[in-house]
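Going by the UniProt record's numbering, the first residue of the sequence shown is number 1, and it counts up by one from there.
Beta carbons: idealized from backbone N, C-alpha and C, even for Gly.
All of these numbers come straight from a predicted model, not from anything done at the bench.
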Amino acid sequence: MEFSMVFFDRICDEIVVDKVIVDDFEGAYQAVKHLISIGCRRIAHLASHQHLIIAQNRLEGYIKALSDHNVP
Numbered sequence: 001m002e003f004s005m006v007f008f009d010r011i012c013d014e015i016v017v018d019k020v021i022v023d024d025f026e027g028a029y030q031a032v033k034h035l036i037s038i039g040c041r042r043i044a045h046l047a048s049h050q051h052l053i054i055a056q057n058r059l060e061g062y063i064k065a066l067s068d069h070n071v072p
């Protein structure tokens with residue numbers, strides 16, 4: 001039996017399959033940059049499952065944007 005499979009928002013290198021993914025680091029970075037540009041200074045990062053690479057990338061983008069714009 002044949003079937004098609006597409007992963008989204010997760011990467012499983014063990015299975016050769018099409019993937020729909022986004023740049024989680026850049027997405028978080030741009031979101032925080034936008035909030036800073038409209039005057040926000042107390043920007044929280046809420047996440048779960050920190051063992052997932054997507055969560056780690058989003059956190060890194062968040063931290064980098066704050067750092068690049070001198071927001072503690």
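- Per DSSP, reduced to three states, the secondary structure at F25 is helical.
- Contact between the region 32-40 and the region 5-23 is absent: fewer than three C-beta pairs spanning the two stretches fall below 8 Å.
- In this structure, A28 is the residue among R42, M1 and A28 with its C-alpha nearest to the C-alpha of I54.
- Secondary structure at D13: coil, using DSSP grouped into helix, strand and coil.
- Under the three-state reduction of DSSP output, V71 falls in the coil class, being neither helix nor strand.
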